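K.L.:
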Amino acid sequence: MNRGSIFLALALGLLPALVFAGGGPLNTLVVVNGASRDSRALGAYYAERHGIPESHICTIKTDPRSPNLSLADFERDIRAPILAHIAARKLGGQVHYLVFCKDFPSRIEGNNGITSVLYYGYKPPTPGAPPCHVASNSVNQYFGAEQAYTSTAGWNKTNTPIPFLLTAPDLETTKQVVDRAVASIAAFPEGAFYLHGGGKERNIRHRAYPAVARQFDLFGRKSMLEIDAAGNPTPARPVLGYLAGIAYLPTNFASLVFAPGAIGDHLTSCAGMIPDPCLGQSTVWDWMRLGATASYGTVTEPCAFDVKFPDPMIAFWYSRGFTAGEALAMSVRNPYQGLWVGDPLAAPFAAPPSVQIKAPARHAELDGEIDLRISVATHDRGEPPVFLDLYIDGLHHAAVIRPFAPVGNELVAQIGTNRFVYTIAPAEDLFAAAAGLAWAINSQGAGQITASSKSDRVEISVRAPLGEDGQPLPFSVSTEQGFAQALYIGAAAGTGRLVLDGDVGRAAATLHLGVSRSYEIEYPLDLSTLEPGPHTLTLVVRDGTAMQGQSQADLPFRIPERPAAAPATRPGESAARGL
Numbered sequence: 178m179n180r181g182s183i184f185l186a187l188a189l190g191l192l193p194a195l196v197f198a199g200g201g202p203l204n205t206l207v208v209v210n211g212a213s214r215d216s217r218a219l220g221a222y223y224a225e226r227h228g229i230p231e232s233h234i235c236t237i238k239t240d241p242r243s244p245n246l247s248l249a250d251f252e253r254d255i256r257a258p259i260l261a262h263i264a265a266r267k268l269g270g271q272v273h274y275l276v277f278c279k280d281f282p283s284r285i286e287g288n289n290g291i292t293s294v295l296y297y298g299y300k301p302p303t304p305g306a307p308p309c310h311v312a313s314n315s316v317n318q319y320f321g322a323e324q325a326y327t328s329t330a331g332w333n334k335t336n337t338p339i340p341f342l343l344t345a346p347d348l349e350t351t352k353q354v355v356d357r358a359v360a361s362i363a364a365f366p367e368g369a370f371y372l373h374g375g376g377k378e379r380n381i382r383h384r385a386y387p388a389v390a391r392q393f394d395l396f397g398r399k400s401m402l403e404i405d406a407a408g409n410p411t412p413a414r415p416v417l418g419y420l421a422g423i424a425y426l427p428t429n430f431a432s433l434v435f436a437p438g439a440i441g442d443h444l445t446s447c448a449g450m451i452p453d454p455c456l457g458q459s460t461v462w463d464w465m466r467l468g469a470t471a472s473y474g475t476v477t478e479p480c481a482f483d484v485k486f487p488d489p490m491i492a493f494w495y496s497r498g499f500t501a502g503e504a505l506a507m508s509v510r511n512p513y514q515g516l517w518v519g520d521p522l523a524a525p526f527a528a529p530p531s532v533q534i535k536a537p538a539r540h541a542e543l544d545g546e547i548d549l550r551i552s553v554a555t556h557d558r559g560e561p562p563v564f565l566d567l568y569i570d571g572l573h574h575a576a577v578i579r580p581f582a583p584v585g586n587e588l589v590a591q592i593g594t595n596r597f598v599y600t601i602a603p604a605e606d607l608f609a610a611a612a613g614l615a616w617a618i619n620s621q622g623a624g625q626i627t628a629s630s631k632s633d634r635v636e637i638s639v640r641a642p643l644g645e646d647g648q649p650l651p652f653s654v655s656t657e658q659g660f661a662q663a664l665y666i667g668a669a670a671g672t673g674r675l676v677l678d679g680d681v682g683r684a685a686a687t688l689h690l691g692v693s694r695s696y697e698i699e700y701p702l703d704l705s706t707l708e709p710g711p712h713t714l715t716l717v718v719r720d721g722t723a724m725q726g727q728s729q730a731d732l733p734f735r736i737p738e739r740p741a742a743a744p745a746t747r748p749g750e751s752a753a754r755g756l
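Quick note: the sequence shown, position 375, residue 552 per the working numbering, numbers continuous.
(1) If you drop the 5 nearest sequence neighbours on each side, which residues of the same chain put their C-beta closer than 7 angstroms to that of residue 555?
(2) For residue 455, which three-state DSSP category applies?
(3) What does residue 370 pair with, by DSSP beta-bridge criteria?
(4) Taking one C-beta from the stretch 690 to 710 and one from the stretch 559 to 578 each time, how about it: are there three or more such pairs within less than 8 angstroms?
(5) Buried or exposed, going by whether 16 or more other CB atoms sit within 10 Å of the CB of residue 260?
(6) Enumerate in chain order the residues of its own chain whose CB-to-CB distance from residue 188 is below 8 angstroms, with the five nearest sequence positions on each side excluded.
(7) If we ignore side chains and look at the alpha-carbon of each, how far apart do residue 623 and residue 372 end up?
(8) Helix, strand or coil, according to DSSP, for residue 519 in the structure here?
(9) Per DSSP, residue 652 is paired with what?
(10) Nearest to residue 671 by CA position, among 392, 735 and 381, is which residue?
(11) Throw me the rounded Cβ distance for the residue 521 and residue 500 pair, which I believe falls under 8 angstroms.
(12) Among 243, 726 and 306, which one has its Cα closest to the Cα of residue 362?
(13) Assign residue 609 to buried or exposed, taking buried as 16 or more other Cβ atoms, counted over all protein chains shown, within 10 Å of its Cβ.
(14) Let me make sure I understand the geometry here. Which of 732, 660, 525 and 516 has the alpha-carbon closest to that of residue 283?
(15) Contact defined as beta carbons within less than 8 angstroms: I believe residue 502 pairs with residue 470. What is the distance between those atoms, to the nearest angstrom?
(16) Are the CB atoms of residue 342 and residue 518 within a distance shorter than 8 angstroms?
(17) For residue 459, does the count of other Cβ atoms within 10 angstroms reach 16, so buried, or fall short, so exposed?
(18) By how many angstroms is the C-alpha of residue 495 removed from the C-alpha of residue 526?
(19) Using 8 angstroms as the threshold, is the C-beta distance between residue 344 and residue 451 below it?
(20) Sorted by chain position, which residues of the same chain lie with C-beta nearer than 6 angstroms to residue 653's C-beta, five sequence neighbours on each side aside?
(21) Between the C-alpha atoms of residue 564 and residue 613, what's the straight-line distance to the nearest angstrom?
(22) Find out if the Cβ-Cβ distance for the pair residue 721, residue 659 is shorter than 8 angstroms.
(23) Check each candidate in 238, 258, 223 and 291 and name the one with the smallest Cα separation from residue 248.
(24) Alpha carbon to alpha carbon, how far is residue 350 from residue 512? Give it in angstroms, no decimals.
(25) Who pairs with residue 309 in a beta bridge, going by DSSP?
(26) Between the stretch 256 to 271 and the stretch 201 to 210, can you find at least three pairs of beta-carbon atoms closer than 8 angstroms?
(27) Between the Cα of residue 255 and those of 270, 239, 232 and 383, spot the shortest distance and give me the residue it belongs to.
(28) Residue 738: buried (16+ other C-beta within 10 angstroms of its C-beta) or exposed?
(29) Output the boundary residues of the alpha helix (DSSP H) element that contains residue 220.
(30) In whole angstroms, what separates the C-alpha of residue 642 from that of residue 681?
(31) Residue ranges of each alpha helix (DSSP H) run of no fewer than 4 residues wholly in the stretch 232 to 280, ordered along the chain?
(32) Comparing alpha-carbon positions, which option in 219, 310, 579 and 485 lies nearest residue 356?
(33) Closest to residue 347 by CA distance: which of 309, 213 and 547 is it?
(34) On the premise that residue 440 lies in contact with residue 472, defined as a C-beta separation below 8 angstroms, what is that separation, rounded to the nearest angstrom?
(35) Between the C-alpha atoms of residue 649 and residue 476, what's the straight-line distance to the nearest angstrom?
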């Protein structure tokens, strides 16, 4: 077989790979407080459970008993040592998540959450504004982005990872949060997302509930969502996510069953004021006690601004396969007073591809040039693998595979007898292709059929949605090779017919890069620059969706001791000296 050749993979008899969505262990920096025994223990536990290398554990020191830090102390004791660790370990551009392990201050200057200050800087109150206001320059550019988060993308004009405070009332409960996150990944648990109330006057985000319901309908997931904007009935099914507008969690919540990875948020003033919330309100700690894996709360009085709390669309985004970290980070438009809590790597609806290292064998002695024989395959519920990266000892080493540009491929939407075609132009990525298909529908739909795009999604509205048989028109999307050398992009319809919304018919589709569902490659690698001793090689594969769900496979190996180099001879001396 020639190096770089690709052929269909036979996955029989291969060891399973660890599975992670969006960001994974090699994209996560674990931050522990050296002044807290519990923080150190939790950091070690988190790294072990998620398979995070020691180089990705950063130890800093701050008062573990203080809930608040000044901005100057934060910059000196928190941000500066983290940046120093990233630089010293050459992790710049690789870390997309920060996980603070218990016993850290929750707020800065008493009015900004520590995770938000790390994320996009301290946002002081706007001079001259009333006490209840939204600070200027506090909009989160990642809000509603609906694409995988990378710190190098420049969101909010920074290169900052998504920070989470992994915390609960005690060490054992916090470890259980980690266990739930690990169990959640690609688990596709049964249950429902609950959008509940507490009264429409208090639950200020109830107006967004219908828009969320529409997205679940358009992708055939109606049964996964239950809405009661006024009340808080006890959920009868396992909770995948729970949003409400209440100050105190009902006592009957103690009987709730939470699916692994569940997110809970109750939109109240004091949920992030740990350990002592104002007015004795329920906090993020109460969600962790109950069985949630991630939550959000404000650390000071936010007033009734829905933009300071998670948008209900978080339920749809999470159901698509984004991580808890991504779903929560993209759900809050102005998070400066808030605190992201829990385990950001939870991802119950991720469907990442798999990767296997078929040769060489694990724990072998290797040196010099070797050939890696790699097999990748699509998840049963996912889309094809198109990204493959090589890491050595936790550091990114090389990009092995990247997707082909789908220039010249055609996107086709069929609505009844109406056919719309868009040819992908040079330099257009997945998101531009989705926008192009929406443009084609709008330009040819005569105002009767319109479309819009968001990330990798296209949503379509039809004014005359019924066919001659009185049924909603059939709907499909497909891709064709066009003038390209091959087909490099795929598409999937959310439903097979239009979904009626009053007098309008609606439909949705998603696009993804790649069409080959499994293949093998051989990749040459030179190990001669590595020091003798144990090493670990890691391959991380990602799919071509907006979520870029990922999994990884590790190959531990050893470089043997090398013979000492012969001493250099002096000019005029015989190379056979001493014989």
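Think of the CB as a built atom: it goes at the ideal place given N, C-alpha and C, for glycine as much as any other residue.
Being a predicted model, the structure only gives us computed values, none of them experimental.
P.N.:
Let me lay it out:
(1) These residues qualify, in order along the chain: 530, 561, 562, 694 and 695.
(2) The answer is helix: DSSP assigns residue 455 an H, G or I state.
(3) Looking at the DSSP assignment, residue 370 forms a beta bridge with 402 and 418.
(4) Between the stretch 690 to 710 and the stretch 559 to 578, the count of Cβ pairs shorter than 8 angstroms is three or higher; the stretches touch.
(5) The residue in question, residue 260, is exposed, as its Cβ has fewer than 16 Cβ neighbours within 10 Å.
(6) Annotation note: pLDDT 27 at residue 188 (below 50); position unreliable, no value reported.
(7) Straight-line Cα distance between these residues: approximately 37 angstroms.
(8) The answer is strand: DSSP assigns residue 519 an E or B state.
(9) DSSP output for residue 652 lists 592 as bridge partner(s).
(10) Residue 392 is the option with its Cα nearest to residue 671.
(11) Confirmed, about 6 angstroms.
(12) Ranking 243, 726 and 306 by Cα distance to residue 362 puts 726 first.
(13) That one is exposed.
(14) When C-alpha distances from residue 283 are compared across 732, 660, 525 and 516, the shortest belongs to 516.
(15) Contact between residue 502 and residue 470 fails: their C-beta atoms lie close to 11 angstroms from each other, not under 8 angstroms.
(16) The beta carbons of residue 518 and residue 342 sit closer together than 8 angstroms.
(17) Buried, by the Cβ-count rule.
(18) When rounded, the separation of the alpha-carbon atoms in residue 526 and residue 495 is 7 angstroms.
(19) It is a contact, given that the beta carbons lie within the stated cut-off.
(20) The beta carbon of residue 653 lies closer than 6 angstroms to those of 591 and 670 in the same chain, with the five residues before and after it left out.
(21) A straight line joining the alpha-carbon of residue 564 with that of residue 613 spans about 23 angstroms.
(22) Against a cut-off of 8 angstroms, the Cβ pair of residue 659 and residue 721 comes out as no contact.
(23) Proximity to residue 248 across 238, 258, 223 and 291 peaks at 291, based on C-alpha coordinates.
(24) For the pair residue 512 and residue 350, the Cα-to-Cα distance works out to about 26 angstroms.
(25) DSSP lists no partner for residue 309.
(26) With the cut-off at 8 angstroms, the stretch 201 to 210 and the stretch 256 to 271 touch.
(27) For the set 270, 239, 232 and 383, the Cα lying nearest the Cα of residue 255 is the one of 239.
(28) Residue environment: residue 738 is assigned as exposed (fewer than 16 neighbouring CB atoms within 10 Å of its CB, all protein chains considered).
(29) Residues 214 to 227.
(30) The alpha-carbon atoms of residue 642 and residue 681 are separated by roughly 6 angstroms.
(31) Those alpha helix (DSSP H) runs which fall completely within the stretch 232 to 280 and span 4+ residues are 248 to 251 and 257 to 265.
(32) With distances taken between Cα atoms, residue 356 lies closest to 219.
(33) Of the candidates 309, 213 and 547, the one whose C-alpha sits nearest the C-alpha of residue 347 is 213.
(34) In this structure residue 472 touches residue 440 by the C-beta definition: roughly 7 angstroms separates them, less than 8 angstroms.
(35) In this structure, the straight-line span from the alpha carbon of residue 649 to that of residue 476 is close to 48 angstroms.
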